[in-house]
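Written out below as structure tokens is the structure these notes cover.
What follows is the structure in structure tokens.
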């Protein structure tokens with residue numbers, strides 16, 4: 043692959059397009075689960091729905107998730123955990139955490155897609171989860187306390203422009219409102235989950251690392267999207283008993 047040299051302007055601009063990646067992922071998942079492609083075996087579609095975000099991003103966020111999992115399971119001081127985040131090697135806990143995350147995501151995907159209660163509107167609303175997670179991840183990366191003064195995340199935050207904040211905020215509001223309009227019964231619990239997890243993320247990163255890093259941002263995206271899928275599955279399960 044060709045090398046690309048990041049400049050400070052590139053760092054600052056990258057967050058502007060962060061939610062667009064989520065929109066592409068969501069669009070492809072909609073394409074896969076609405077229309078002619080639904081002829082593909084349901085379980086194959088469920089697996090592809092889980093794999094698509096990984097394939098499109100190259101596992102970028104999962105890398106941060108795995109590094110953060112190793113650091114959290116070290117139970118060391120802030121400095122030790124930050125050193126683990128910089129270590130290019132992976133540990134047993136990161137692999138175990140990744141397997142658990144993928145299995146949970148896959149189980150949720152299968153449950154949702156096999157549900158008789160699933161509608162086209164719900165699928166589209168769920169696809170917007172990938173936009174919401176990246177909008178919030180971008181905003182938290184900009185506004186929450188940084189664990190390190192150096193690194194890509196600090197450079198992005200240091201070069202933040204008002205337009206970036208406004209763009210992320212507008213996209214977040216548009217995605218959230220669209221979800222509510224499409225399927226309020228599913229959207230409201232999912233958005234409440236995002237709000238709750240964001241508060242937990244802030245408290246957890248401050249306690250464990252002294253602030254957020256690029257790796258913890260990957261953790262946020264990975265866990266919030268899987269957790270949101272679990273929330274959708276839970277809503278569908280509750281509706282069956284009402």
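In this note's numbering, the protein residues as written are 43 to 284.
Note that beta-carbon positions come from the ideal geometry of N, C-alpha and C, so glycine has one too.
As the structure is a prediction and not an experimental result, all values here were calculated from the model.
Per-residue DSSP class, three states only, for residue i
i           : result
residue 187 : coil
residue 47  : With a pLDDT of only 44 at residue 47, under 50, the local geometry of the prediction cannot be trusted, and the value read off the model is given with reservation. Coil.
residue 125 : helix
residue 53  : With a pLDDT of only 48 at residue 53, under the threshold of 50, the placement of this residue in the model should not be trusted; the figure read from the coordinates follows. Reduced to three states, the DSSP call for residue 53 is helix.
residue 156 : coil
residue 76  : coil
residue 82  : coil
residue 89  : helix
residue 284 : coil
residue 101 : coil
residue 245 : helix
8 Å Cβ cutoff met for residue i and residue j
i           : j           : result
residue 211 : residue 236 : no
residue 178 : residue 214 : yes
residue 76  : residue 94  : no
residue 314 : residue 182 : Lying outside 43 to 284, the shown extent of the chain, residue 314 is not represented and no answer is given.
residue 86  : residue 144 : no
residue 217 : residue 263 : no
residue 260 : residue 106 : yes
residue 278 : residue 157 : yes
residue 166 : residue 224 : yes
residue 274 : residue 154 : yes
residue 257 : residue 127 : yes
residue 176 : residue 64  : yes
residue 229 : residue 151 : no
residue 102 : residue 180 : no
residue 112 : residue 209 : no
residue 96  : residue 104 : yes
Range covered by the alpha helix (DSSP H) that runs through residue i
i           : result
residue 205 : 204-224
residue 115 : Element bounds for residue 115: n/a, residue is neither H nor E.
residue 164 : 162-169
residue 130 : Taken as a continuous stretch (DSSP letters only), residue 130 belongs to no alpha helix (DSSP H), as it is neither H nor E.
For residue i: DSSP bridge partner residues
i           : result
residue 254 : 188
Are three or more beta carbon pairs between the segment 230-244 and the segment 77-87 nearer than 8 Å? no
Is there contact here, the segment 133-147 with the segment 117-125, by at least three beta-carbon pairs under 8 Å? no
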